[in-house]
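To keep things clear, I will list the structure first and then write my remarks on it.
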Amino acid sequence: MGKRVKARNKPAMEPRKDPARPAVMSNSTKVTRTLRSESSESCPTRQTGEAPVSNDSSLQGKCPKCLLTAHQLGIPDHRIQKGDFRPHVILCRGIGDDGNPLGMQEICLVTDCTRRKTQTATPAAWTQHYWRSHQIKLNDFPDVKSLREFLQPWHAPDFEMNGDWGFFLTKKPPIQEFEHLTKLWHATSDPVKFRAKFQHQLVHDYRHAFESTFHATPISWHSHASDAWPALPSVVALLEDDGPVRSKKLTMSQMENSRVATFESQLLSYHGPLANGGRGIKWAQKCIQLGKAETINMSAAGSKQKLLDKFKALVNSGYVAVALEMVRQCDGRVVRAQEWNTICECCEEAGLYLVVDEVLTAWRCGAPFAHQLPEYSKHKPSFVVFGKAVGASGLAVHWDGVHLKRLGYADPGYEVKATDFVHHWDHKSSRIIDPNEALRSWGYILLSEKDEWSKRALQIGKTLRENLKRLYPEIKVAGRGALIYLPDRYARKMDIVGAAVDGKFIRWLPYLDEGLNDSNIVSELFNESGTTTRRILTRSISNFNALRCIACGDYLHVPGYGPCTRCAGFICQVCVESGDDERHREGRCLFGASE
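With full-length UniProt numbering applied, the sequence shown covers 1 to 595.
Given below as structure tokens:
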């Protein structure tokens, strides 16, 4: 009877997943699908738990990067036969400026790997480490660049510019990037203990970080941005009742109705109270009723007197505020500086609060909020509705904003009144904000400072627009910075996954990572030279349901075609029926081939 063999590897406890990570492979999660190398065949996997090996004799000469032979590298013949030379070639960093070999990559490229260095940095040790710890076959990658792009996707330009409709601004894990946030995140596993020890301080510190970046105070958080709009009338009523300065109050009609008007194309949503096409909100006796709000054409802002007359009529009809998108969601039209000044001045004179929608525009337009751009600096809005781009949804207030400054909350000596108002909202029976959302949003704020997102967004926008003009000189591109709007007929030929808008436009919402900084690298996205990178990016998505159609940007509810052998994109069944797959089947996708 044979001896019982003790198991060599105990299954490790899977770590908590960062809820703020985009739908790409988590570096701490086992890779379940085998990647195929673009330059060589993958080797068979043994069932014994050992890493796969290769007998590729073509790589048993000199390393093409450091120009050293296997023997010069100290790899004995029997290890060469087991395939140890191939991993060296993959991980080799080449030759330095002084002409000396740099050796292999010295640290594990899996960012959250607990073992940052191997005890013996040999090809065999690295092969075993990547396989046993992460189920990654080194032989599946042609070089360390491809491995890094797979494990650290923020270094590579990405043709996925939907970002879950703008929810993800980075591929980096915003919580795990910072040790103090990670500790708090792990503490949330015990919610009762977390509330007793950390909840109050978390909200205090997160609010302080928010104020430091956005220069506005978040007073109300919600599960979805559209949930913030119904809360606006009650916020206004409380501010008016408890203002430190007894200035002119709202009219009786305003107090009884508390309606919100909107500029054209406002308050559209697929979720929350406005999901059914509501374009406004009405507050009456503590009950929220959705109805058709007054819609103002932006052309009215061309004449101050015309707009002022319109606003005064709104006040008489019981409106307390008017809403404005800094970048119009339906077509990407940006509010002009003169229009902004006119709207703010008319709100002040007529007696209306101004609410700006910054759900998508945070950081993407070149400033933390778009209304903080230099051309809008003359005035501040009363309130800001923030959402997915910030990592949390809610309502923030500018104490010295339009029509709100008169109440005195921003006056010297009255700051405590603003603090008391915030505490009034915080000390309620319900939870203020989900800790995970607060941590994710806080991580975004810290990352935005560390990686200079506002500055990078302008560079990314410039780079992408230059490539678009090179391909289609006649194209009209709307939006601002890294929030880009393209006509649908052009966008479908770009082989970029975007976010559709009413069938007329497609938005590009690129990640604000370093991968899109370099114009030369970004140009690869639009021609055949970027095929390898595209394939690696597609294969890094371990969940098929997270893939999107490269034509319309929607999820692949019913897959029709893909992945394309050139652009690595997938086409949904609806777009296949519309003929969007033909150019891919015929090899006409990417601009390396003529249209």
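In this text, a Cβ means the ideal position worked out from N, Cα and C, and glycines have one as well. Since this is a predicted model, take the numbers as computed values, not measurements.
DSSP state of residue i, grouped into three classes?
i      : result
Asp140 : helix
Lys197 : helix
Pro191 : helix
Glu437 : helix
Asp554 : coil
Ser220 : strand
Trp363 : coil
Gly332 : coil
Tyr444 : helix
Met104 : strand
Thr342 : helix
Val576 : helix
Glu317 : According to the sequence as given, residue 317 is Ser; it is not Glu. Looking at Ser317 - three-state DSSP - the assignment turns out to be coil, as it is neither helix nor strand.
Val31  : Residue placement at Val31 is poorly supported in this model, since its pLDDT is 34, which falls under 50; the coordinates still yield a value, given next. In this structure, Val31 counts as coil in the three-state DSSP scheme.
Thr262 : strand
Lys248 : coil
Leu537 : helix
Val322 : strand
Cys92  : strand
Asp357 : strand
Ile80  : helix
Val327 : strand
Trp508 : strand
Tyr409 : coil
Excluding the five sequence neighbours on either side, which residues of its own chain have a C-beta within less than 8 angstroms of the C-beta of residue i, listed in chain order?
i      : result
Phe505 : Cys330, Asp331, Gly332, Ala478, Tyr485, Leu486, Pro487, Asp488 and Ala491
Gly94  : Lys65, Cys66, Pro101 and Leu102
Ala231 : Ser220, His222 and Leu395
Cys575 : Cys549, Ala551, Cys552, Gly560 and Asp581
Leu35  : A caution first: Leu35 carries a pLDDT of 37, below 50, which makes its placement in the model unreliable, though a value can still be read off. Only Ser42, Lys137, Asp140, Phe141, Phe150, Ile536 and Arg539 meet the Cβ criterion.
Lys476 : Pro487
Counting only the same chain and skipping the five closest in sequence on each side, list residues whose C-beta sits under 6 angstroms from that of residue i.
i      : result
Leu138 : Pro87, Ile90, Thr127 and Tyr130
Lys304 : Thr342
Tyr206 : Ala438 and Trp442
Trp340 : Tyr376
Thr533 : Ala156
Arg585 : none
Pro44  : Bear in mind that the predicted position of Pro44 carries a pLDDT of just 32, short of 50, making it too unreliable to give a figure here.
Asp357 : Glu325 and Val385
Lys306 : Ala300
Pro76  : none
Pro368 : Thr213 and Phe214
Given a cut-off of 8 angstroms on the beta-carbon distance, is the pair residue i and residue j in contact?
i      : j      : result
Ser448 : Trp363 : yes
Phe263 : Ala323 : yes
Phe194 : Pro435 : yes
Leu537 : Asp158 : yes
Val359 : Phe386 : yes
Gly553 : Ser454 : no
Ala301 : Leu352 : no
Ile521 : Thr213 : no
Leu151 : Leu109 : yes
Glu294 : Leu314 : yes
Spatial neighbours of residue i within its chain, please: C-beta separation below 7 angstroms, excluding the five flanking residues on both sides.
i      : result
Ala216 : Val384, Ala396, Val397 and His398
Met161 : Ile496, Val497, Gly498, Trp508, Leu509 and Pro510
Asp143 : Ile90
Leu202 : Leu184, Pro435 and Ala438
Gly96  : Leu102
Asp400 : Lys380 and Ala410
Lys62  : Leu68 and Thr69
Lys249 : Glu240
Taking residue i and residue j to be in contact with their CB atoms under 8 angstroms, please state how far apart those CB atoms are, rounded to whole angstroms.
i      : j      : result
Ser317 : Ser234 : The pair is not a contact, with the Cβ atoms about 20 angstroms apart (cut-off 8 angstroms).
Gln176 : Thr182 : 5 angstroms
Lys380 : Ala350 : So it is not a contact: roughly 17 angstroms between Cβ atoms.
Ala568 : Thr531 : 7 angstroms
Phe198 : Ala187 : 6 angstroms
Arg456 : Leu512 : 6 angstroms
Arg406 : Val245 : 7 angstroms
Ser519 : Thr463 : 5 angstroms
Checklist entry - Would the stretch 492 to 504 and the stretch 426 to 440 be scored as touching if the rule is three or more Cβ pairs under 8 angstroms? => result no
Checklist entry - So, do the stretch 556 to 565 and the stretch 576 to 586 have three or more beta carbon pairs nearer to each other than 8 angstroms? => result yes
Checklist entry - Do the stretch 139 to 156 and the stretch 95 to 113 meet, that is, are 3 or more Cβ pairs less than 8 angstroms apart? => result Enough Cβ pairs lie closer than 8 angstroms, so yes.
Next on the checklist: Measuring CB atoms only, is the stretch 419 to 427 touching the stretch 386 to 396, in the sense that at least three cross pairs come out at less than 8 angstroms?
Outcome noted: no
Next on the checklist: Using 8 angstroms as the cut-off, can you tell me whether the stretch 466 to 483 makes contact with the stretch 513 to 533, which would need three or more C-beta pairs spanning the two stretches below that distance?
Outcome noted: yes
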